[in-house]
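Q: Right, I'll just put the structure down here and ask away after.
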Amino acid sequence: MDGREMTPPTNSRFRGFKPPPPRQRRPERVKPRQKEGVDYETIFVRKGKGTTLSFLFLLGLLLIAAFVTLRAVQWGREQLDPPGEQGAAINVTLPPGVSTGGISEILEQYEVIPDARAYEWYVRLKGAPLFQAGDYTFHTNSAVWDALEILRNGPRYIEENVRIRVTIPEGLTVRQIVSIIDEAEEVPFSGAEFEDEMRMQHVVSNYAPSPSAMPTGALEPYEGLLFPDTYYLGPDSTPEDLLTQMVTRFDQVLTRLGYAVAPQTVGLTPYEAVVLASLIEREARVGSERAKISRVIHNRLAADWYLGIDASIVYFTGDNELTVTDLQTESPFNTRLSKGLPPTPIAAPGKAALEAAMAPVSGQWMFYVLADSEGRHNFSVSSDEFERDKAKCQERGLC
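In terms of our numbering, the sequence shown opens at residue 577 and continues consecutively.
What follows is the structure, encoded as structure tokens:
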């Protein structure tokens, strides 16, 4: 290096050579301003977990929707064709002029079909022939199309196979019902055979204690459970056929009247409510008084009073003419000496009495006594009022 100015080389290889421009420094990337105290790395991780959870949530919703849809389809199918085998035979009378809606309600009431609306929908969709009024025999827990097939056959088809009619009135004991069966000439079995069937206890009501759990003092396990109605039998019918019809009908009526929720509505078990209904059946001679008699019994039970219903003593003694000894003899059925309800029903209550037991009219009455020979009663709140009414009853020779 001598300090002389350097000149570009003159070699031909370097002619036209231009030195490269000086390298410019790349500007530094300015990081976005971050908030102090925020862990951006953690935020990124959380966002990833949130996406996974959202996916699982949506998947869960889809599974739930699929399950609900499947259950809805299954439920709809069960309204047309209920699960399980057909139940007991049940006789139904269709009145003249009944509409499709009326038929559906009757069939639902007798538990032939699960749902009246499903029946009507199916009939509108598929169409149905004209039906004839008359008596039909269906089976409980039937498919809609099975019920329609029976209706298509008409009542005459049924009458050819079911010719024997047995009518059981309200208010009878099992012993009296057995006598009716025994005296019916066309019934293909005797009253004794019907009694034998009851002793085997193959047919059990849903609203009664099991045979092993019947209350102490029970005289007849089926007392009050054989619903009073008209039943139809064929020449080959058995005692079990009739017993099944009667108990099934009893259960159907109680279900429709809300006996399953008796503890919530009237503070009694379903069976206790039936016992109360049997007392109403024996005490009420005028239909309009059933709900008032029901109220008196409910009021006395609530006050822990003796019921004092002699019909219960008559049931125990089997004699309508009670003696002083009968009234003074202690037994679970002597409601003058034993508080609370009798251990079992004392008769077969009809639908009206069963309804009154569950729906007593409002009132404070604690007493009632006969007022006239037609069976009407005077109802009173106080013992003084009752004594006056009782004196009138005795003057008229009613007490």
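Ideal placement from N, C-alpha and C gives every residue a C-beta, glycine not left out.
Here's the rule: buried if 16 or more other CB atoms are within 10 angstroms of the residue's CB, otherwise exposed. What is Gly800?
A: As a working mapping, residue 800 is identified with position 224 in the sequence shown. Only buried fits Gly800, as 16 or more other CB atoms lie within 10 angstroms of its CB.
Q: Rounded to the nearest angstrom, how far is the Cβ of Ala924 from that of Gly863, given a contact under 8 Å?
A: Here residue 924 refers to the residue found at position 348 when the sequence shown is read from its first residue. Here residue 863 refers to the residue found at position 287 when the sequence shown is read from its first residue. Not quite, the Cβ-Cβ distance comes to about 17 Å (not below 8 Å), so this is no contact.
Q: I'd like the list of long-range same chain contacts for Met577, defined as Cβ closer than 8 Å, with 5 residues on each side in sequence excluded.
A: Taking the first residue of the sequence shown as 1, we reach residue 577 at position 1. Since pLDDT at Met577 reaches only 48, below the 50 mark, its modelled position is unreliable, and the value read off the structure follows with that caveat. For Met577, where only same-chain residues beyond five positions count, there are no Cβ hits under 8 Å.
Q: Opposite Tyr944 in the DSSP bridges: which residues?
A: Within the sequence shown, the letter at position 368 stands for residue 944. Tyr944 pairs with Phe955.
Q: When you compare the region 849-867 with the region 932-942, are there three or more beta-carbon pairs, one atom per stretch, that lie closer than 8 Å?
A: yes
Q: Buried or exposed: which applies to Met776, given that a residue is buried once 16 or more other Cβ atoms fall within 10 Å of its Cβ?
A: Taking the sequence shown and counting its residues from 1, the one referred to as residue 776 is at position 200. Exposed.
Q: What separation, rounded to the nearest whole angstrom, lies between the Cα atoms of Ile666 and His715?
A: On the sequence shown, position 90 is the one that residue 666 refers to. On the sequence shown, position 139 is the one that residue 715 refers to. Near 6 Å, if we compare the C-alpha coordinates of His715 and Ile666.
Q: Would you call Arg866 buried or exposed, if buried means 16 or more other Cβ atoms sit within 10 Å of its Cβ?
A: As a working note, residue 866 is residue 290 in the sequence shown. Buried.
Q: Any contact between the region 693-700 and the region 666-684? By contact I mean 3 or more CB pairs, one from each, below 8 Å.
A: Segments in contact, yes.
Q: For Glu771, I'd like the list of residues in its chain whose CB is within less than 8 Å of its CB, leaving aside the five on either flank, ordered along the chain.
A: In the sequence shown, the residue the question calls residue 771 occupies position 195. Val754.
Q: Can you have a look at Gly973 and say buried or exposed, based on whether 16 or more other CB atoms are within 10 angstroms of its CB?
A: What you label residue 973 is simply residue 397 of the sequence shown in a count that begins at 1. Residue burial annotation: Gly973 is exposed, with fewer than 16 other C-beta atoms found within 10 angstroms of its C-beta.
Q: DSSP on Arg727, reduced to helix/strand/coil?
A: The residue you call residue 727 lines up with position 151 of the sequence shown. Note that residue 727 corresponds to Leu in the displayed sequence, not to Arg. If DSSP states are grouped into helix, strand and coil, Leu727 belongs with the helices.
Q: What first and last residue would you give for the beta strand (DSSP E) that runs through Thr716?
A: As a working mapping, residue 716 is identified with position 140 in the sequence shown. Where Thr716 is concerned, there is no enclosing beta strand (DSSP E), given that its DSSP letter is neither H nor E.
Q: Leaving out five residues before and five after Ser907 in sequence, what residues of the same chain have Cβ atoms less than 6 Å from its Cβ?
A: Taking the sequence shown and counting its residues from 1, the one referred to as residue 907 is at position 331. Taken in chain order, the residues that qualify are Phe892.
Q: Relative to the C-alpha of Val937, which candidate in Ile885, Asp711, Ser766, Asn875 has its C-alpha closest?
A: By 1-based counting over the sequence shown, the position of residue 937 is 361. When only C-alpha atoms are compared, the closest one is Asn875.
Q: Is the beta carbon of Gly747 closer than 8 Å to that of Glu816?
A: Position 240 of the sequence shown holds residue 816. Position 171 of the sequence shown holds residue 747. Their beta carbons are not under 8 Å apart, which means Glu816 does not touch Gly747 by this criterion.
Q: Applying the criterion that 16 or more other CB atoms from any shown protein chain within 10 Å of the CB defines a buried residue, is Val957 buried or exposed?
A: Position 381 of the sequence shown, counted from the first residue, corresponds to residue 957. The residue is exposed, with fewer than 16 neighbouring Cβ atoms inside 10 Å.
Q: Report the three-state DSSP secondary structure of Gly863 (helix, strand or coil).
A: As a first step, residue 863 must be located in the sequence shown, where it is residue number 287. Helix.
Q: Please report the straight-line C-alpha distance between Gly834 and Glu687, rounded to a whole angstrom.
A: Position 258 of the sequence shown, counting from 1, holds the residue named residue 834. Position 111 of the sequence shown, counting from 1, holds the residue named residue 687. Roughly 14 Å between the two C-alpha positions.
Q: Taking only the alpha-carbon atoms, compute the straight-line gap between Glu654 and Asp827 and give it to the nearest angstrom.
A: Against the sequence shown, residue 654 aligns to sequence position 78. Against the sequence shown, residue 827 aligns to sequence position 251. Each residue's Cα considered, the two are about 21 Å apart.
Q: Whose C-beta lies closer than 7 Å to the C-beta of Arg741 among residues of the same chain, with five residues either side of it excluded?
A: Position 165 of the sequence shown, counting from 1, holds the residue named residue 741. Hits under 7 Å: Thr806, Tyr808.
Q: Thinking C-beta only, is Tyr798 closer than 8 Å to Ile869?
A: Indexing the sequence shown from 1 puts residue 869 at position 293. Indexing the sequence shown from 1 puts residue 798 at position 222. It is not a contact, given that the beta carbons lie outside the stated cut-off.
Q: How far does the alpha helix (DSSP H) with Ala928 in it reach, from first residue to last?
A: Numbered from its first residue, the sequence shown carries residue 928 at position 352. That run of the alpha helix (DSSP H) goes 927-934.
Q: Leaving aside the five residues before and after Glu859 along the sequence, list all residues of the same chain whose C-beta is less than 7 Å from its C-beta, in chain order.
A: Locating residue 859 in the sequence shown gives position 283, where the first residue counts as 1. Contacts found: Ile869, Ile885, Ala887.
Q: At the level of alpha carbons, what is the spacing between Pro672 and Val750?
A: As a working mapping, residue 672 is identified with position 96 in the sequence shown. As a working mapping, residue 750 is identified with position 174 in the sequence shown. Pro672 and Val750: Cα-Cα distance of roughly 34 Å.
Q: Using a 10 Å radius around the Cβ and a threshold of 16 neighbouring Cβ atoms, would you call Pro811 buried or exposed?
A: The count along the sequence shown starts at 1 and reaches residue 811 at position 235. By the neighbour-count rule (16 or more Cβ atoms within 10 Å), Pro811 is not buried but exposed.
Q: Output the distance between the C-alpha atoms of Asp960 and Pro921, rounded to the nearest integer angstrom.
A: The residue you call residue 960 lines up with position 384 of the sequence shown. The residue you call residue 921 lines up with position 345 of the sequence shown. The C-alpha of Asp960 lies about 31 Å from the C-alpha of Pro921.
Q: Output the distance between the C-alpha atoms of Thr713 and Gln821, rounded to the nearest integer angstrom.
A: The sequence position of residue 713 within the sequence shown is 137, counting from 1. The sequence position of residue 821 within the sequence shown is 245, counting from 1. Each residue's Cα considered, the two are about 11 Å apart.
Q: Leaving out five residues on either side along the sequence, give the residues of the same chain with a beta carbon under 7 Å from the beta carbon of His778.
A: Residue numbering aside, residue 778 sits at position 202 when the sequence shown is read from its first letter. Hits under 7 Å: Glu816.
Q: Identify every run of the alpha helix (DSSP H) within the region 757-782, keeping only runs that are complete inside it and at least 4 residues long; order them along the chain.
A: 767-776
Q: Under DSSP, the beta strand (DSSP E) around Leu809 begins and ends at which residues?
A: Position 233 of the sequence shown, counted from the first residue, corresponds to residue 809. 806-809 is the span of the beta strand (DSSP E), which, as asked, contains Leu809.
Q: Between the alpha carbons of His953 and Gln840, how many angstroms are there, rounded?
A: As a working note, residue 953 is residue 377 in the sequence shown. As a working note, residue 840 is residue 264 in the sequence shown. If I take the Cα positions, the gap works out to 30 Å.
Q: Rounding to the nearest angstrom, what Cα-Cα distance links Leu656 and Pro846 in this structure?
A: The residue labelled residue 656 in the question sits at position 80 within the sequence shown. The residue labelled residue 846 in the question sits at position 270 within the sequence shown. In a straight line, the C-alpha of Leu656 is about 30 Å away from that of Pro846.
Q: Quick check on Gly660: buried or exposed, where buried means 16 or more other Cβ atoms within 10 Å of its Cβ?
A: The residue given as residue 660 occupies position 84 in the sequence shown. The residue is exposed, with fewer than 16 neighbouring Cβ atoms inside 10 Å.
Q: Return helix, strand or coil for Ile734, following the three-state DSSP convention.
A: If you number the sequence shown from 1, residue 734 lands on position 158. The predicted position of Ile734 is uncertain, since its pLDDT is 48 and thus under 50; a value taken from the coordinates is nonetheless stated next. Reduced to three states, the DSSP call for Ile734 is helix.
Q: Taking the runs of the alpha helix (DSSP H) that are 4 residues or longer, which of them lie wholly in the region 868-940?
A: 886-893, 900-904, 927-934
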